[in-house]
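In my numbering, the protein residues as written are 330 to 508.
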């Protein structure tokens with residue numbers, strides 16, 4: 330059920346006295362639940378720094394400093410027998426200090442049983458690292474599109490979405506093209 334009022338705030342809301350990181354709606358309407366609807370601005374689809382986004386991965390492993398660099402959220406996947414492996418599949422820690430190895434796309438796909446490089450080599454075919462195009466229906470055009478189609482990567486939500494849902498409100502985006 331929609332409320333009796335609707336407030337359309339266009340652009341930045343400049344409330345100079347507002348210093349709280351909480352949603353301004355909570356201060357204006359306490360004990361109410363809101364539906365926040367946003368347009369398709371690229372800002373509204375921005376991910377958190379630690380989000381699992383395929384474009385943040387390299388093909389091979391990458392050394393990161395756990396103190397200075399952002400550590401990606403651990404991933405998960407379902408095996409053929411229906412079990413979920415341990416969530417340490419995205420990062421593994423070597424024995425030396427705060428330096429970690431972030432697994433690359435190739436290794437993640439191999440651990441999930443999706444790295445078909447050997448089969449393609451036997452057939453004389455080559456699997457592109459990045460195709461740079463719109464993915465085909467089964468997402469098998471390249472390794473990056475195949476990894477992006479995995480459930481743990483698909484369930485990743487934009488940071489704005491997470492903040493609003495965590496505050497107990499509803500979130501929606503307008504369609505890409507609307508009148």
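Backbone N, C-alpha and C fix where the C-beta goes; we use that ideal spot for every residue, glycine too.
Remember, predicted model here, so these are calculated numbers, not experimental data.
What is the DSSP secondary structure of residue i, reduced to helix, strand or coil?
i, result
"residue 418", "Only weak support is given to the placement of residue 418: the predicted model assigns it a pLDDT of 45, under 50, and the value that follows is read from those uncertain coordinates. Reduced to three states, the DSSP call for residue 418 is coil."
"residue 365", "strand"
"residue 401", "coil"
"residue 407", "coil"
"residue 374", "helix"
By the DSSP assignment, the alpha helix (DSSP H) with residue i in it spans what residues?
i, result
"residue 473", "472-477"
"residue 502", "Per DSSP, residue 502 belongs to no alpha helix (DSSP H); it is in the beta strand (DSSP E), 499-502."
"residue 489", "488-495"
"residue 443", "Looking at the DSSP string, residue 443 is not in any alpha helix (DSSP H), and its letter there is neither H nor E."
"residue 359", "Where residue 359 is concerned, there is no enclosing alpha helix (DSSP H), given that its DSSP letter is neither H nor E."
From which residue to which residue does the beta strand (DSSP E) around residue i run?
i, result
"residue 386", "Premise fails: residue 386 is in no beta strand (DSSP E) and is neither H nor E."
"residue 438", "Per DSSP, residue 438 belongs to no beta strand (DSSP E); it is in the alpha helix (DSSP H), 434-440."
Which same chain residues end up closer than 6 Å to residue i when comparing Cβ atoms and leaving out the 5 residues on each side of it in sequence?
i, result
"residue 489", "373"
"residue 444", "438"
"residue 387", "433"
"residue 354", "363"
"residue 367", "373 and 502"
State the CB to CB distance for the pair residue i and residue j, rounded to an integer number of angstroms; the pair is presumed to be in contact (CB under 8 Å).
i, j, result
"residue 375", "residue 485", "With 8 Å as the limit, residue 375 and residue 485 do not qualify as a contact, their Cβ atoms being about 12 Å apart."
"residue 369", "residue 475", "Not really, about 26 Å apart at Cβ, beyond 8 Å."
Note down, in chain order, each residue of its chain lying with its Cβ closer than 7 Å to the Cβ of residue i, except the 5 sequence neighbours on either side.
i, result
"residue 447", "none"
"residue 409", "none"
Go through its chain and collect everything with a Cβ distance to residue i's Cβ below 8 Å, but skip five positions before and after it.
i, result
"residue 481", "381, 404, 405 and 406"
"residue 362", "497, 498 and 499"
"residue 493", "352, 365, 499 and 500"
"residue 487", "373, 374, 375 and 376"
"residue 390", "430, 431, 432, 433 and 436"
Between residue i and chain B, is any beta-carbon pair separated by less than 8 Å?
i, result
"residue 389", "The question asks about chain B, but that chain is absent: this structure has only one protein chain."
I want to check one thing, is the minimum distance from the CB of residue i to the heavy atoms of the ligand GTP below 7 Å?
i, result
"residue 383", "The ligand content of the structure shown is nil, which means the ligand GTP is not present either."
In terms of alpha-carbon separation, which member of the options lies closest to residue i?
i, options, result
"residue 491", "358, 356 and 378", "378"
"residue 479", "383, 414 and 451", "383"
"residue 392", "460, 436, 505 and 431", "431"
"residue 477", "359, 414 and 435", "435"
"residue 442", "414, 483 and 385", "414"
"residue 473", "451, 385, 505 and 412", "385"
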